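Chemist: I have a structure I would like to understand better, so I am pasting it below and will then ask my questions one at a time.
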Amino acid sequence: MKITRVKSHILQYELDRELGYSQQFYSRRSAHLVEVQTDEGLTGWGECFGPGNVAIANRTIVEEVIQPMILGCDPVDRDAIWHNVYNLLRDHGQKGMPIQALSGVDIALWDLTGKIAGLPLCKLAGGRHRDRVPVYGYGMMLGREDIDAHVSRFRDEAAGIKEAGFVATKMKVGLGHRNDIRLIEAVRSGIGEEFPFMVDANHCYTVADAFYVGQALDEMNAYWFEEPVAPEDLDGYGELRTRLKTNISGGEAEFTRWGWRHLLEGRCLDIAQPEVCALGGISEYLKVLALAHTHFTPVVNHVWGSAVAVAANLHLLAAMPPVPGGLNPREPMLEFDTTDNLFRDDLLVEPMDIPAQVRRSGGYASVPEGPGLGVEPDPGFIERYSVT
Ligand code: CA
5 MKITRVKSHI
15 LQYELDRELG
25 YSQQFYSRRS
35 AHLVEVQTDE
45 GLTGWGECFG
55 PGNVAIANRT
65 IVEEVIQPMI
75 LGCDPVDRDA
85 IWHNVYNLLR
95 DHGQKGMPIQ
105 ALSGVDIALW
115 DLTGKIAGLP
125 LCKLAGGRHR
135 DRVPVYGYGM
145 MLGREDIDAH
155 VSRFRDEAAG
165 IKEAGFVATK
175 MKVGLGHRND
185 IRLIEAVRSG
195 IGEEFPFMVD
205 ANHCYTVADA
215 FYVGQALDEM
225 NAYWFEEPVA
235 PEDLDGYGEL
245 RTRLKTNISG
255 GEAEFTRWGW
265 RHLLEGRCLD
275 IAQPEVCALG
285 GISEYLKVLA
295 LAHTHFTPVV
305 NHVWGSAVAV
315 AANLHLLAAM
325 PPVPGGLNPR
335 EPMLEFDTTD
345 NLFRDDLLVE
355 PMDIPAQVRR
365 SGGYASVPEG
375 PGLGVEPDPG
385 FIERYSVT
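For our numbering, count along the sequence shown from 1 and bump the result up by 4.
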């Protein structure tokens, strides 16, 4: 079988409500799907991390840079293809957009390989360690309202996510370290004393401010403190990890085994959050996972994007061995964005409807059946939301 075409589909729509995190507000939802076609009619789907104009630029890398390198290759040869492409891109970017672009292509090759073999991705990745995956719901995005309005909205949203059946919840911070503590208290009061919650700073703090907020998280028994400081500040990560009781997590902005090596060898993280649609795709994710587990660092995947990304992650989370193992190990969780996202809810011919699964099962999602990712995007939907 030969690869005959590599095509990007950039989907966009305007959100009813603007959403914010510590770095910016956004009012447009986007997704970057990659379709790899073959001479035998089989098609594989992948997804690249990177919203808005980043997706537009990544499309050029996918179609104009990577496609000519892999036309005519056998899609099953995904590790060989990965290394050929990486070797040619290396001099032009070992992190960031070239690797995001490669990620979507690699995921599509795994989808194709599964379809050729008649095996779901979780089997190709080594088999299931669990039949269903616990799901945490994130929400509590920043808005433009004042701090008092934020406090009451965060309390209500957190209570709603708990009520919806998710096993844990995650909030944003970024209104300044003092106001952020009010937000965190609001979420804790909305969910009660026992329900697990996590806090995502999207690297907005100095180490000193992160320590100030982190002490409050220690008192409020938060599960993890995500991207407290800039991803380049590995020493800052290490200091916080030593000084705080709360788990320090991060890694969504790190790429390839060579980038992850420094985070892991530096003992920077209690919980690693690799993003498969950014760090190099499934081929590279499996290497990063092995490296994380080599350092006995638990992994909870970062998940963002459309139903394609969610499906890929469900397979990978099902196939993830427990670390260090035992009768009652801590389970990895699926990150699920509870805010408005048509590309997650309505993209597929047969939607996964994870909120309904969570409601029915008390917090779990099942792994899609069928070969490859086990999901099929609806061509009519893609056409409707595609930008050219
Ligand atoms: Ca995050």
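Backbone N, C-alpha and C define an ideal beta-carbon position, used for all residues, glycine too.
Here the structure is a predicted model, which is why all the values come from computation and not from measurement.
#1: Residue 104 lies in the alpha helix (DSSP H); which residues open and close that run?
#2: Would you check whether ligand 1 has a heavy atom nearer than 7 Å to the C-beta of residue 206?
#3: Which full runs of the alpha helix (DSSP H) of 4+ residues lie inside the stretch 41-94, going along the chain?
#4: Can you check which of these residues, 305, 290, 298, is closest to residue 276 by C-alpha distance?
#5: What number of angstroms, rounded off, separates the C-alpha of residue 15 from the C-alpha of residue 208?
#6: Is it the case that the stretch 104-119 contacts the stretch 274-291, given that we only count it when at least three CB pairs across the two stretches are under 8 Å?
#7: Taking the straight line between their C-alpha atoms, what separation do you get for residue 88 and residue 285?
#8: For residue 159, count the other beta carbons within 10 Å of its own beta carbon; 16 or more makes it buried, fewer makes it exposed. Which is it?
#9: Rounded to whole angstroms, what's the CA-CA distance from residue 217 to residue 378? Just pull it up for me.
#10: May I ask you to check if the CB of residue 306 is nearer than 7 Å to at least one heavy atom of ligand 1?
#11: What are the start and end residues of the beta strand (DSSP E) that includes residue 8?
#12: Can you look up residue 264 in the DSSP assignment and give me helix, strand or coil?
#13: If the criterion is Cβ atoms closer than 8 Å, does the pair residue 13 and residue 129 meet it?
#14: Across the stretch 366-376 and the stretch 314-332, are there enough close Cβ pairs to call them in contact, namely three or more that are closer than 8 Å?
#15: For residue 151, I'd like the list of residues in its chain whose CB is within less than 7 Å of its CB, leaving aside the five on either flank, ordered along the chain.
#16: Note down the Cα distance separating residue 324 from residue 132, rounded to an integer number of angstroms.
#17: With C-beta atoms as the reference, is residue 229 less than 8 Å away from residue 250?
#18: Does the stretch 341-352 come within contact of the stretch 134-144, defined as at least 3 CB pairs closer than 8 Å?
Modeler: Answer, in terms of the structure:
#1: 101-121
#2: Checking every heavy atom of ligand 1 against the Cβ of residue 206, one is found closer than 7 Å.
#3: 56-64, 71-74, 82-93
#4: For the set 305, 290, 298, the Cα lying nearest the Cα of residue 276 is the one of 305.
#5: When rounded, the distance between both Cα atoms is 29 Å.
#6: Yes, they touch.
#7: One C-alpha to the other measures close to 14 Å.
#8: buried
#9: The alpha-carbon of residue 217 is positioned some 41 Å away from that of residue 378.
#10: yes
#11: 7-24
#12: If DSSP states are grouped into helix, strand and coil, residue 264 belongs with the helices.
#13: no
#14: Verdict: yes, contact present.
#15: 179, 183, 186
#16: 8 Å
#17: In this structure, residue 250 lies closer than 8 Å to residue 229 by Cβ.
#18: yes
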